[in-house]
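If you read the sequence shown in numbering that gives the first Met the number 0, its first letter stands for residue 0, the second for the next number, and so on.
Ideal Cβ positions, reconstructed from N, Cα and C, are used throughout, including at glycine.
These numbers were taken from a predicted model, which means no experiment stands behind them.
One structure is given here, and the rest of the page talks about it.
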Amino acid sequence: MDIVAIGSSQGNEVDFMSLVDSSMKEKCLKYQTKCRGPYKVLRNDAKKTAVQFLEEAFKPLEQYKDKIGVVIDGSTTRGFTEPSTASLYAQHLGIDGPVCFDVTEACNGWARAVETAYMMFQTNPNYEDKYILITNNEHPPMTRPMLPKDPSDYRQVASYYVGLTFSWACTCTLLKKSDNYSWQFIHHSDPVYASHISIPLPQIAKGFTPKSDVYEILLNEEYGQFCIPRLHQQEKKIQFVLGTVDQNEEFYAKTNVICHTWTKYVYEEFFKNHKLGELSLYFGEIGNVGSCSMPLILHDQYKNNIPKGQHLCFCGSAAGGSDIMLNFVHGIETEKKLQKKEKKSNLYVIYARVAWRRLLTKLGCSRRQNKVKVQADTKTQ
0 MDIVAIGSSQ GNEVDFMSLV DSSMKEKCLK YQTKCRGPYK VLRNDAKKTA
50 VQFLEEAFKP LEQYKDKIGV VIDGSTTRGF TEPSTASLYA QHLGIDGPVC
100 FDVTEACNGW ARAVETAYMM FQTNPNYEDK YILITNNEHP PMTRPMLPKD
150 PSDYRQVASY YVGLTFSWAC TCTLLKKSDN YSWQFIHHSD PVYASHISIP
200 LPQIAKGFTP KSDVYEILLN EEYGQFCIPR LHQQEKKIQF VLGTVDQNEE
250 FYAKTNVICH TWTKYVYEEF FKNHKLGELS LYFGEIGNVG SCSMPLILHD
300 QYKNNIPKGQ HLCFCGSAAG GSDIMLNFVH GIETEKKLQK KEKKSNLYVI
350 YARVAWRRLL TKLGCSRRQN KVKVQADTKT Q
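Put into structure tokens, the structure is as follows:
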């Protein structure tokens, strides 16, 4: 599988502190100073709809429209469950008859959608000459940052600060089947706490507020839910990320590692004892673009000319959901003969295992029957 093209659209840049209420400026400035950002965020001052953002992002991909067989929406911001958001977007873009469904895992939605696409290419021959489109459309409602009722409650202040960091952006990623089998999707932590954060599109989910008696969740009417940072299991994820890098130092030493949220300062401290080819993240410059992080940065850095052989990694440790390290090398090929040979040998192994298990099952049954018979004889005596 390979990336064919990426389209992107985003809101206008504004100064982060200009959005902060006067009663919260001192507290939010402390967060900004400690974290080294964000200093700018993307806002929707033009009052464009989510669909207008989608139209702009899809423009570079119009030429491929008739060959798109699947549309997967991996947005954090979403509108419907029935029909899927992907179905809504596909109909609006005029894509005829694709398979449409949504993949939700907070800000790791792009990585999950790409993983799903990879499996579909590997298992369904109908997509040999079709493209798969991944949409990520972040359109957070203005009610996301709740002004704290109690300024002394750090949880409310943290939620307000984080709510202001969310930005408006949309990306469309087009994928094709190829002989590039370098993709690795490495998961670790159990996504119990923040796996299904979904932000309803403005006005659509009004009146729906999920409840929880188990976890600390701050609610408002339009946002849905927000799990405070401690529920993102960072103490577990950090060990996983550093352990993953340690096990493949040679790969990461020549890789552009693209990260989600946290500022560059935080990640430089995080990886200070590790050698990376390049470290890329834009949280300090444009805020939290949710599930658009990876495709937006790829589009900004490479446009649609990712160098062949470029090593890339998406580090989704700061996102809600399971910890993921997505590794791949762009544009490389594996010989088809080698793939066929491996598939054939794998089948032989499978057949041998099945035959061996059948034999063990037969032996196991006879042993159990004998055991039961002996027990019955003993009871009779």
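Tell me the DSSP secondary structure of residue i in three-state form.
{"i": "I103", "result": "Just to set this straight, residue 103 is Thr in the shown sequence, not Ile. In the structure shown, T103 sits in coil (DSSP, three-state: anything other than H, G, I, E or B)."}
{"i": "H329", "result": "coil"}
{"i": "Q300", "result": "helix"}
{"i": "E12", "result": "strand"}
{"i": "M324", "result": "strand"}
{"i": "V19", "result": "coil"}
{"i": "N179", "result": "coil"}
{"i": "H252", "result": "Inspection of the sequence shows that residue 252 is occupied by Ala rather than by His. Coil at A252, not helix or strand."}
{"i": "G315", "result": "coil"}
{"i": "T75", "result": "coil"}
{"i": "I2", "result": "strand"}
{"i": "L146", "result": "coil"}
{"i": "G68", "result": "strand"}
{"i": "I185", "result": "strand"}
Taking buried to mean at least 16 other C-beta atoms within 10 Å of its own C-beta, is residue i buried or exposed?
{"i": "Y159", "result": "buried"}
{"i": "L358", "result": "exposed"}
{"i": "Y264", "result": "exposed"}
{"i": "I305", "result": "buried"}
{"i": "K148", "result": "exposed"}
{"i": "T164", "result": "buried"}
{"i": "I237", "result": "exposed"}
{"i": "A112", "result": "buried"}
{"i": "Q121", "result": "exposed"}
{"i": "D128", "result": "exposed"}
{"i": "N136", "result": "buried"}
{"i": "E268", "result": "exposed"}
{"i": "N287", "result": "buried"}
{"i": "K175", "result": "buried"}
{"i": "S17", "result": "exposed"}
{"i": "A252", "result": "exposed"}
{"i": "N272", "result": "exposed"}
{"i": "E277", "result": "exposed"}
{"i": "E61", "result": "exposed"}
{"i": "G96", "result": "exposed"}
Using the C-alpha atoms, what's the distance from residue j back to residue i?
{"i": "L28", "j": "T243", "result": "34 Å"}
{"i": "M141", "j": "P124", "result": "44 Å"}
{"i": "M145", "j": "K47", "result": "23 Å"}
{"i": "D152", "j": "K26", "result": "11 Å"}
{"i": "C314", "j": "H91", "result": "32 Å"}
{"i": "I285", "j": "D245", "result": "30 Å"}
{"i": "A49", "j": "H138", "result": "6 Å"}
{"i": "T76", "j": "E54", "result": "16 Å"}
{"i": "A110", "j": "S292", "result": "10 Å"}
{"i": "G330", "j": "W182", "result": "11 Å"}
{"i": "Q309", "j": "Q31", "result": "33 Å"}
{"i": "E249", "j": "V19", "result": "44 Å"}
{"i": "E332", "j": "Y180", "result": "8 Å"}
{"i": "L325", "j": "I185", "result": "6 Å"}
{"i": "Y301", "j": "I323", "result": "23 Å"}
{"i": "K235", "j": "S316", "result": "10 Å"}
{"i": "C106", "j": "Y63", "result": "27 Å"}
{"i": "V21", "j": "G108", "result": "Note on residue identity: the sequence assigns Ser, not Val, to residue 21. Going by the C-alpha atoms only, they are around 34 Å apart."}
{"i": "D178", "j": "M119", "result": "14 Å"}
{"i": "E12", "j": "K33", "result": "22 Å"}
{"i": "G68", "j": "G6", "result": "18 Å"}
{"i": "G10", "j": "N247", "result": "37 Å"}
{"i": "H298", "j": "S290", "result": "14 Å"}
{"i": "G382", "j": "F270", "result": "One cannot answer for residue 382 here, as it falls past the ends of the chain, which runs 0 to 380."}
{"i": "I133", "j": "L173", "result": "6 Å"}
{"i": "G73", "j": "A116", "result": "11 Å"}
{"i": "D1", "j": "V156", "result": "42 Å"}
{"i": "S166", "j": "R143", "result": "11 Å"}
{"i": "E114", "j": "I131", "result": "12 Å"}
{"i": "S83", "j": "F52", "result": "18 Å"}
{"i": "L87", "j": "H259", "result": "27 Å"}
{"i": "A85", "j": "V240", "result": "31 Å"}
Could you spell out the range, first to last residue, of the alpha helix (DSSP H) harbouring residue i?
{"i": "V156", "result": "153-164"}
{"i": "Q121", "result": "108-122"}
{"i": "T84", "result": "84-92"}
Sorry if obvious, but does the Cβ on residue i come closer than 7 Å to a heavy atom of the ligand ZN?
{"i": "D20", "result": "No copy of the ligand ZN appears in this structure; indeed no ligand is present at all."}
What residue does the beta strand (DSSP E) around residue i start on, and which one ends it?
{"i": "I393", "result": "There is simply no residue 393 to check, as the chain begins at 0 and stops at 380 in what is shown."}
For the segment 25-60, which segments carrying the beta strand (DSSP E) assignment without a break, of at least 3 residues, lie completely within its bounds, in sequence order?
39-42
What residue ranges within the segment 254-302 form continuous alpha helix (DSSP H) runs of no fewer than 4 residues, ordered along the chain?
Runs of the alpha helix (DSSP H) inside the segment 254-302: 263-269, 282-285, 292-301.
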